[in-house]
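Spelled out as structure tokens, the structure:
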């Protein structure tokens with residue numbers, strides 16, 4: 347039988363995996379780049395390792411209920427900011443991180459009118 351606590355662990359895990367998945371999707375489908383720089387590769391490996399580490403912590407060590415709920419809210423807010431930034435920057439054809447080429451456009455509306463780097467903010 348799935349307890350409420352384990353159900354919340356499962357929900358946090360699924361949303362966490364989906365969050366990392368959406369970032370991976372954006373690397374191929376949203377950002378423009380001729381290739382993946384070594385810096386971007388290192389960041390990708392660190393993100394994957396960190397995601398696995400936190401997934402293990404969720405399932406191995408008991409977590410306070412409030413921490414799980416706050417974490418879930420932060421994950422959902424992060425995803426909302428990420429998709430808002432995607433929607434507002436689609437036409438700008440932004441470059442991928444560490445790309446030496448200049449971007450095709452500058453986005454100043456949506457979350458970009460409030461935060462200089464909404465994508466980076468959503469990753470945190």
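Numbering (my numbering), first residue to last: 347 to 470. Note that CB positions come from ideal geometry on N, CA and C, so glycine has one too. Remember, it's a predicted structure, so these values are computed and weren't measured experimentally.
In terms of Cα proximity to residue 445, the closest of 382, 370 and 352 is 382. Taking a 10 Å sphere around the C-beta of residue 460, we find fewer than 16 other C-beta atoms and assign the residue as exposed.
In this structure, DSSP gives residue 352 a helical state, which the three-state scheme calls helix. Per the C-alpha coordinates, the member of 401, 420, 376 and 421 positioned closest to residue 439 is 376. Closest in C-alpha terms to residue 448, from the list 378, 432 and 390, comes 378.
In the DSSP annotation of this structure, the continuous segment of the alpha helix (DSSP H) that includes residue 421 starts and ends at 411-435. For residue 407, there is no enclosing alpha helix (DSSP H), as DSSP marks it with neither H nor E.
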